[in-house]
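A short write-up of the structure that comes next.
Residue numbers (my numbering): 86 to 854.
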């Protein structure tokens, strides 16, 4: 009788998630049956164990480290296979063994642990890096198995970091104001750790808060709120700190100041009077926001006999009326009178000063004056200006006050008003302004100007205001530009796909162009030709249509233009395809477009004799394209439509278009362009057929990148049931293989999409017999 015994010894000292992955020793002892007394010697015990050194390492994102694996055998000498428990390998971690099978007579192997650039780096509640474990598995002998752990601590790559921007960095606030700044955190080098913000600094009457911006990652609102008790003229600095796990703290300073109240008095104009008379001028206080304290006002004329009073005083609003009086003994001349404003003590504001020029004329002498009231013509809804004159004689010089009233006491028409820029009038003339609205009825209205002046008789003058009806649309003419000159037109002929611009001109009842009038365009047959609101006509199909321009202010006013679209020329080309489709580049990179021509049977063709290709870009501010070569150049961020047209003798036959997206120049991590190379530029494959193609990635300067593209190109198919794509590793270049399903139906199409950061595109493949 044979008996077999085995024992298992397990040693472990690992986290709970790796329970069961420790060094495991298995021993076997065999006894054989003996015919002579029953004594037998046990077979030599077998066991297997692993040791990984060093016991722990730190590995940065995107880097790798090696461990020496020592295999200990007992009771057998055969090979030992090394591997890992795939389900327990941390995400983003790869493990390779050299060799993967430790041969007989050898006891060591090298394990290389690689950490992907985006592998998770985590911390515990105290900000300490969290260890990771890779479980090793060794098998050999007769079912022997042993395990060991490789411990490592993942950390951020050397490129990881953050920057912080605060805008604006300085605030000047009034008490009671609130100021907001935006804090933006920019992450670098795939940094994904937790970032927290804090601030330091205090200021009386100011509270500070930081809140995340809803829906915007790494964006915060920094708010400074002041109370009414905040002390004007004080300032302080606040330090805003960004604390990122595993990185140095960065700090930016923001300054806050409480604005001092100010007022800057000024006068509207100089004043003029005769001796023994007075004149009034407005004094503006020019207060800063929120400053409402009363201002005590006084004048210092520097001349006996010139006195002034303010109403109100102190001034509690934004202005006060200053009345200056010249005594009868004040000599003729110009005087500078200083206006002095004093704010209340403790208000924080300083005294303010301004000056007003006072001209004193001699005491009035006898004389007379006449009024020259102009007749004015104005279109309802407009304003007209004319000169209103005062002619003085016989030494008469006082100011003349003028009243403008409707003759006979009749009410002034609706919306009509008449004002004088200066009244009373001290000069020889002033501007008379006549204001109307669109509701003012047309007609001729007689007014009377009545002049009064102390010591002089009343003077009158009649004048007429003629109100004309506003212009109204009565007709429309349509023009086109011929060598830059407008030329009237009522009918036009276009080639298929052709365009032209029509210019509508709306005329009023006087036959004058109404430059502010607009029209609405329409077409009787949108399948033949369309027209935009800007007047751009686009020919779509052979036939005729009528374009109608209708006034937007009077729908009864309209005109038409007959459009004939000539049939397209006979051509072997039934379809064109622009490639790549939906492309992306980063400015100022270039991208070469190509076009394939197909006949009615769907086969490739070279086109007709005399046929030509023309490329264009709908938005040259985003990207330009060479009309002949098809080379597009990125200009600025945005989108544009790239169009290719096949022309025969200058007439459009077929066209195709696709969107081109351009990213801003200098975008971090962006490549310039990427393109695809297919065998013979093939756009057709048979069911079950394979095709090897290469993705070309270039930087913004046009240099080809055959290695080191990060992240690597992503290539996908739009229909995985028809075709699949697999990478074909190569030491220099990015190669892929497309496999068409054996049961793919003829005529089925699928797209191959290729992308890198900042660039990409797609081509269309058709399954053929």
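Heads up, the beta-carbon is just placed ideally off N, CA and C, and yes, glycines get one too.
Excluding its 5 nearest sequence neighbours in each direction, residue 622 has C-beta neighbours in its own chain below 8 Å: 577, 579, 584, 585, 586, 587, 614, 615, 616, 632, 648, listed in chain order. Per the coordinates, the alpha-carbon of residue 222 lies some 12 Å from the alpha-carbon of residue 196. The C-beta distance from residue 269 to residue 250 rounds to 5 Å, short enough to fall under 8 Å. Residue 661 sits away from residue 684, with the two beta carbons spaced by 7 Å or more.
The secondary-structure analysis by DSSP pairs residue 758 across a beta bridge with 783. Less than 7 Å separates the beta-carbon of residue 360 from that of residue 445. Three or more Cβ pairs closer than 8 Å define a contact, and the stretch 198–218 meets that threshold against the stretch 230–242.
Spanning the alpha carbons of residue 391 and residue 253 requires a straight line of approximately 51 Å. Here residue 357 is bridged, per DSSP, to 444. Following the DSSP letters along the chain, one finds residue 326 inside the beta strand (DSSP E) bounded by residues 320–329. Annotation: residue 378 is outside any beta strand (DSSP E) and is labelled neither H nor E by DSSP. Contact between the stretch 770–778 and the stretch 688–703 is absent, with fewer than three C-beta pairs closer than 8 Å.
Here residue 823 has 776, 808, 810 as same chain residues with Cβ atoms under 6 Å from its own Cβ, once five neighbours each way along the sequence are excluded.
Nearest Cα to residue 428 within the set 566, 175, 382: 382. In the DSSP assignment, residue 152 forms a beta bridge with 196.
Residue environment analysis places residue 163 among the exposed positions, since fewer than 16 neighbouring C-beta atoms fall within 10 angstroms of its C-beta. Using a Cβ distance threshold of 7 Å, residue 638 and residue 610 do not count as a contacting pair. Under the DSSP definition of a beta bridge, residue 418 partners with 445. Secondary structure at residue 492: helix, using DSSP grouped into helix, strand and coil.
Between the stretch 334–351 and the stretch 365–376, the count of Cβ pairs shorter than 8 Å is three or higher; the stretches touch. Taking all protein chains shown into account, residue 716 has fewer than 16 neighbouring C-beta atoms within 10 Å of its C-beta and is therefore exposed. Residue 755 is classed as buried because its beta carbon has at least 16 other beta carbons within 10 Å across all chains shown.
Taking 8 Å as the upper bound for CB-CB distance, residue 813 and residue 826 are not in contact here, some 19 Å apart. Secondary structure at residue 173: helix, using DSSP grouped into helix, strand and coil. Here the alpha carbons of residue 485 and residue 424 stand approximately 27 Å from one another. For residue 294, the enclosing beta strand (DSSP E) stretches over residues 291–297.
Around the beta carbon of residue 143, fewer than 16 other beta carbons sit within 10 angstroms, so the residue counts as exposed. Distance from the Cα of residue 289 is smallest, within the candidate group 260, 841, 267, 711, for 260. Counting only runs of 3+ residues, the beta strand (DSSP E) found wholly inside the stretch 208–290 occupies 217–225, 229–240, 246–252, 255–258, 263–273, 280–285, in chain order. When 214, 742, 821 are compared, the shortest CA-CA separation from residue 663 is found for 742.
Taking 7 Å as the cut-off, the beta carbon of residue 189 is found no closer than this to the beta carbon of residue 154.
The straight-line gap separating the alpha-carbon atoms of residue 618 and residue 844 is approximately 35 Å. Each residue's CA atom was taken as its position, placing residue 532 and residue 503 some 10 Å apart.
Judged by DSSP secondary structure, residue 144 falls within the beta strand (DSSP E) whose first and last residues are 141–145. Between the alpha carbons of residue 132 and residue 304 lies a gap of roughly 59 Å. Take residue 572, set aside five residues on each side of it, and the residues of its chain with a beta-carbon closer than 7 Å to its own are 564, 565, in chain order.
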